[in-house]
Amino acid sequence: MLSRVASSIYWLNRYVERAENYARFIEVNLNLTLDLPRGTTEQWEPLVATTGDHESFTDRYGKATKEAVIQFLSVDAANPNSILSCLTSARENARSVREVISTDMWEQVNRFYLMVRAAASKGLSSHNLHTFLADVKANSHLFLGITDATMSHGEGWHFARLGRLLERADKTSRILDVKYFMLLPTVAEVGTPFDIIQWSALLKSASALENYKRFGRISPDDVTAFLILDSTFPRAIRYCLIKSEDSLHAISGSEHGSYENQAEKRLGRLRAELDFGDLEDCVSGGLHEFLDQFQAQLNRVGDAICETFFAPRPVHSTITGAEAQ
Amino acid sequence: MSNRFSHYDPEGFYDELYEDKGQPRPGSTLLLRKFASLPEGELKKRQEAAERVILNMGMTFGISGSDDGHEQIFPFDIVPRIVLASDWERIESGLRQRMRALNLFIDDVYHDQKILKNGVIPSELIYSGKGFLQPCIGLNPPRGIWCHIAGIDLVRIGDGQYYVLEDNTRCPSGVAYVLEARQVMKRTFPELFEAYRVRPVDGYPSQLLETLRSLSDLPDPTVVILTPGIFNSAYYEHSLLAQKMGVELVEANDLAVVDGSVHMRTTKGSQRVDVIYRRINDDYLDPLAFRHDSVLGVPGLMESYKRGRVALANAPGTGVSDDKAIYAYIPKIINYYLAEEPILPNVPTYVCSDRRDRTYVLEHLDQLVVKATNEAGGYGMMIGPHASKQEREDYARRIEADPRNYIAQPTLALSRVPTLVEDHLEGRHVDLRPYVLYGRDVYVLPGGMTRVALRKGSLVVNSSQGGGNKDTWVLS
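Here you go:
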């Protein structure tokens, strides 16, 4: 497979997954704020903080009102990570590999993009926001399903899954982080029914509530452990790393438990940390610090993938900036 | 037949579907009867449904200089053009003849130049043309064929006769729209395809692949399409053809010349490439051979090509026959190499580098269409009767400053096809671009791109200038 093509498939899937997760970000915050006790002010600043685009937000919007944050994360074309920008980039990448992906995949990305663009030009308001976020998630799931059902599960498909799951691992860690940034009215509220409601809302945003419930009642520690360490729930971080590693080995043909390139080495080590770690290891130094460090290591895995598989091709600066994350 | 289409009036033009006011031609009776049987408003609904299909398919073309992602949805009209089998037979044999002659001409120009020595074409006209490439002299492409893929523009005028308007022998585009237009029409009027015997166009990609494979002696050569990238206006077509042929679509940066052979960079190292269907212009193929300032292209490609390590389609240098001044000589070229009369005549053409022609052109600018010899896409063109006095004076100056660069033709009353306007039909002018392949033999795709000038009265059919497309039904 051409290096450029592999890169485009990888980024196509990262962008679609990112769009879905941004919808989840907004949802988690909507859910959290709706349940806030009377008299507490809504908190939208934390959401911007978790995405890592705090600076560009403040430069352009100033105060983090609900409207501004939703605008920034969903349909702001000037924010390279907004849902609209993600779909624009996803579609550009899909367009550059149309001959490799199935026609059904292309048409789904195209329809998805047209839906988001139409929503952006009409504008989002509180009465259509929930529908929009649900549509974004459904379109992303549809794309995933079409990919699984119409694309050969060969090298290209593995690059697709790799991109999608690395992106998802990163974003699940950030959804968890929202809770860290979301200040409780008082320290005394930790562990209260109100706190539990917030954790449930968070699980719901990761489509994890029903899956989690089979494990017992909601406690902050158990929820954290579930979203980080579960090996079978598809949005849990460890699950994402396990399957990413499978795909990486399928691409290079090397054995599990060994490595042939930097990408496999770094991902293998990161995964082993979760395989042989427990909740105590994750939270002992502070959950936020753990997630922060995890995100940094995951970025290094992404860098190694680019260097190992995509870099042989000199970067063509006029092409979309598809490689600029 | 009395219905809301029986008042349709060809208004004195040759109409492809109507013989006379309210009188369908033999091939179109069924179609028009079907239209008449549809409830009021249904045609418009189907037009809108077709446009939605096109939007979802992402069928677009780019226009240089436009914003919003450079993309425009492909304008399409659901009323097809119908070509009778007997007409098509003549077109096909005319195109075969022309394709053979064009190739003999190109090969001669880059070898013995007999046609120049015999004084059939002035040497000056060849050497001054931008399409003539010095580095191609003496090259021997496989089987002596240079132009493997051509799009020959035809027009039909008042007498019902088809004329050749232009030979596109460099990188003709548009065939993707032929393939996709048919898909759209099958979804829009499935019942008509049951009633009519329309010759299929879906065989084109496999014919093209066979043509490309025939350029290599290997049993299973690796074929690729070389595209300038997603910002090229024909990118949609490049990716569609790659997908339908099952070959890689590469950009110049995906390729490198290693030890004299062309390779593509893959996730598993480099892989040898044997045949390149290139959709980039000669100038940009290889910065070492042509434009040294170009960042596009594959350094060393021409050297590899000269040594026969890789095949290119079309061969570099075919632009020499794509020149509008050379076009005027094609009937003589056919006569010279094949000793035959052209089956499809040319449109009368005045070559401005000829002093007598130039004087005539300058005196009749208000009646003629003036074209720059090396431009395409409807650019560099003036339609005398529609131009302002100032535009005509401007062109007169341009012609006097650089006569080699201009030709002129009479303003043609292009034939018309009924076109949907709201819920009724109005005549709009069309041309026709059939596609011709030349591998082991000449193949003509039964159909082609019917371009339609959607603006009332307009004669410019180019998509960059307000033109649209129609499906072309060649009946069997």
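Order-wise, the sequence lines are chains E and P.
According to the numbering used here, the stretch in the first sequence is residues 15 to 339, in order.
According to the numbering used here, the stretch in the second sequence is residues 220 to 695, in order.
Yeah, the Cβ is synthetic: ideal placement off N, Cα and C, and Gly gets one too.
- Between P/V417 and P/V693, the CB-CB gap stays under 8 Å.
- With 16 or more neighbouring CB atoms inside 10 Å of its own CB, P/H457 falls in the buried class.
- By the rule that beta-carbons nearer than 8 Å mark a contact, P/T485 touches chain E.
- Nearest Cα to P/D690 within the set P/V298, P/E267, P/Y625: P/V298.
- Taking the Cα of P/E385 as reference, the smallest distance to any Cα among P/T407, P/L314, P/M278, P/P506 is reached at P/L314.
- Assignment of E/M15 by DSSP, reduced to helix, strand and coil, places it in the coil class.
- Around E/W120, the beta-carbon contacts reaching into chain P at under 7 Å are G277.
- With respect to chain E, the C-beta atom of P/D493 has no partner C-beta closer than 8 Å.
- Residue E/L243 holds the alpha-carbon nearest to the alpha-carbon of E/T186 among E/W171, E/E59, E/L243.
- In summary, P/S225 is exposed, with fewer than 16 beta-carbon neighbours lying within 10 Å of its beta-carbon over all protein chains present.
- The way I'd put it, the segment 293–313 of chain P does touch the segment 674–687 of chain P; three or more beta-carbon pairs between them come closer than 8 Å.
- In the three-state reduction of the DSSP assignment, P/Q586 falls in the coil class, being assigned neither a helical nor a strand state.
- Sequence-ordered contacts of the segment 152–178 of chain E with chain P read E169, F173 [C-beta pairs closer than 9 Å].
- P/D501 and E/E34 have their C-alpha atoms roughly 44 Å apart.
- Cα atoms of E/Y36 and E/P94: separation of roughly 12 Å, rounded to the nearest angstrom.
- The beta-carbon of P/I499 is placed no less than 8 Å from the nearest beta-carbon of chain E.
- For E/R131, no CB of chain P lies under 8 Å from its own CB, so it is not counted at the interface with that chain.
- Exclusion of the five residues before and after E/R105 leaves V123, N124, Y127 as the residues of its chain whose Cβ lies within less than 7 Å of its Cβ.
- Distance from the Cα of P/L358 is smallest, within the candidate group P/H330, P/D372, P/R309, for P/H330.
- As a beta-bridge residue in DSSP terms, P/A530 pairs with P/V494.
- The residues I368, A369, G370, R652, Y654, in chain order, have a CB closer than 8 Å to that of P/P391 in the same chain once the five nearest residues on each side in sequence are set aside.
- Contacts between E/R18 and chain P, judged by CB atoms closer than 9 Å, involve V469, E470, N472, D473, R484 in chain order.
- For P/V442, the closest of P/K405, P/V397, P/V529 by C-alpha to C-alpha distance is P/V529.
- Only residues of its own chain outside the window of five on either side were considered, and among them I334, V339 have a CB closer than 7 Å to the CB of P/Y555, listed in chain order.
- When the five nearest sequence neighbours on each side are left out, the beta carbons in the same chain lying within less than 6 Å of the beta carbon of P/P665 are those of R418, V693, in order along the chain.
- In the three-state reduction of the DSSP assignment, E/N27 falls in the helix class.
- Here the segment 433–452 of chain P makes no contact with the segment 401–418 of chain P; the two share fewer than three CB pairs at distances below 8 Å.
- Just so you know, the alpha carbons of E/T64 and E/Q309 end up roughly 11 Å apart.
- With at least 16 other beta carbons inside 10 angstroms of its own, P/Y662 counts as buried.
- At a beta-carbon threshold of 9 Å, the residues of chain E lying near P/A461 are R112, E113, V114, ordered along the chain.
- Among the CB atoms of chain P, none fall inside 8 Å of the CB of E/F126.
- Taken through DSSP and simplified to helix, strand or coil, P/S480 comes out as strand.
- Judged by beta-carbon spacing, E/R249 lies beyond the 8 Å limit of E/R175, meaning their Cβ atoms are not closer than that value.
- Between P/L352 and P/P506, the gap from beta carbon to beta carbon reaches 8 Å or more.
- Judged by DSSP secondary structure, P/I297 falls within the beta strand (DSSP E) whose first and last residues are 295–302.
- In this structure, the straight-line span from the alpha carbon of P/R389 to that of P/E235 is close to 29 Å.
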